[in-house]
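One structure is given below, encoded as structure tokens.
Protein chains: 2
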Amino acid sequence: MSPSHIELPKDMPSPESEGCRVTREILDRVGDKWSLYIIATLANGTRRFNELKREIDGISQRMLTLTLRGLERDGLITRTIYPTIPPRVDYELTALGMTLWGPVMSLVKWADANKLAISAARAHFDTKSETT
Amino acid sequence: MSPSHIELPKDMPSPESEGCRVTREILDRVGDKWSLYIIATLANGTRRFNELKREIDGISQRMLTLTLRGLERDGLITRTIYPTIPPRVDYELTALGMTLWGPVMSLVKWADANKLAISAARAHFDTKSETT
DNA sequence: CTGTATCCTGACCGATACTG
DNA sequence: CAGTATCGGTCAGGATACAG
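Chains A and B supply the protein sequences, listed in that same order. Each residue of the first sequence is one higher than the one before, counting from 1 in full-length UniProt numbering. Each residue of the second sequence is one higher than the one before, counting from 1 in full-length UniProt numbering.
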């Protein structure tokens with residue numbers, strides 16, 4: 001059962017290579033602590049700053065701001081300011097942001113489908129290592 | 001164009017919730033600095049420790065060891081020791097590890113397909129912010 | 001060859017206080 | 001309401017030296 005038939009992406013030979021940088025940064029974004037939760041929440045519709053803060057349990061104001069800025073910079077969400085008093089800011093997924101949700105979901109589904117196998121593998125590994 | 005029809009995974013309500021922990025940890029693994037490169041390399045076939053070190057540009061011995069251990073613990077790769085002199089250790093993707101490659105590839109392909117759009121979005125964002 | 005152990009730096013990130 | 005500024009603890013991870 002050799003896996004050598006699996007095709008590799010042409011732009012993923014080396015973490016330091018220029019062609020791979022953007023790909024690397026995307027994965028960093030998806031892999032970071034909060035981006036996915038923000039995207040997941042916005043997938044349900046437009047949210048205001050404090051709505052996101054309330055719905056995403058445990059996120060600090062600072063990290064919410066920073067993560068939102070990163071997502072906005074990458075063109076994944078839009079930030080709409082209403083110059084009212086008090087101010088109101090709406091965050092919304094862009095078309096690009098919505099297309100990201102598909103691939104992410106396939107990964108999440110994989111994780112969900114295999115979490116028992118992984119937990120079992122970990123338990124087995126940790127048991128074996130009980131020779132300290 | 002409301003995205004409210006997008007379906008959310010049931011186990012992703014909150015980063016702190018118990019049911020989400022494993023999913024979170026999977027994403028952490030995929031998102032970390034080196035796991036994907038190791039999986040990508042092993043997708044081409046079995047490799048020895050130093051082969052991996054050579055093929056994955058920039059990885060330190062320490063991080064290679066640590067990442068391999070993590071992947072092994074999660075049941076994604078196997079570690080086969082040949083007690084020869086000098087010692088030889090082969091790393092190989094498990095069946096589980098190979099199934100991970102599909103979802104990961106869809107994410108990598110998304111990143112690849114959209115990297116121009118993202119780079120453009122960043123350039124635009126950074127230009128707008130030139131008011132410091 | 002395949003690791004482990006130690007030190008060390010910088011980044012991440014939470015808490016808190018302050019602003020328009 | 002929606003942020004920004006600052007401080008400080010924790011920790012990932014690189015460099016280096018050493019071991020089996």
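Using N, Cα and C, we set each Cβ at its ideal position, and we do this for glycine too.
Worksheet item: Given that a residue counts as buried once 16 or more other Cβ atoms are within 10 Å of its Cβ, and exposed if not, what is B:Thr80?
Response: Exposed, because fewer than 16 other Cβ atoms sit within 10 Å of the Cβ of B:Thr80.
Worksheet entry | Contact check, B:Leu71 vs B:Ile118, beta carbons under 8 Å | Cβ distance not < 8 Å, so B:Leu71 and B:Ile118 don't count as in contact.
Worksheet entry | Backbone CA spacing between B:Lys128 and B:Leu93 [nearest angstrom] | In this model, B:Lys128 and B:Leu93 are separated by some 46 Å (Cα to Cα).
Practice prompt. Spell out the partners DSSP gives B:Tyr82 in its beta bridges.
Written response: DSSP, once it has assigned bridges, lists B:Arg88 as partnering B:Tyr82.
Worksheet entry | Close beta carbons around B:Asp56, own chain, < 8 Å, minus the five adjacent residues each side | For the sequence presented, residue 56 of chain B should be read as Ile rather than Asp. Trp34, Tyr37, Ile38, Thr41 and Leu64.
Fill in: C-alpha distance - A:Ala123 paired with B:Ile85, whole-angstrom precision
Spanning the alpha carbons of A:Ala123 and B:Ile85 requires a straight line of approximately 31 Å.
Worksheet item: Bridge partners of A:Ile77, per DSSP?
Response: Bridge partners of A:Ile77: A:Leu93.
Fill in: Partners in chain A for B:Thr23, counting only beta-carbon separations shorter than 8 Å
Near B:Thr23 (Cβ distances below 8 Å), the residues of chain A are Val108, Ala111, Asp112 and Lys115.
Worksheet entry | Beta-carbon proximity check, A:Thr46 vs A:Asp90, cutoff 8 Å | With contacts defined by Cβ atoms closer than 8 Å, A:Thr46 and A:Asp90 form a contacting pair.
Item to complete: Tell me, please, whether the CB atom of B:Ile77 is closer than 8 Å to any CB atom in chain A?
Response: Judged by the 8 Å Cβ criterion, B:Ile77 is not in contact with chain A.
Fill in: Cβ pair A:Gly58, B:Asp32 closer than 8 Å
Inclusion of A:Gly58 and B:Asp32 in the CB contact set at 8 Å is not warranted, their separation being larger than that value.
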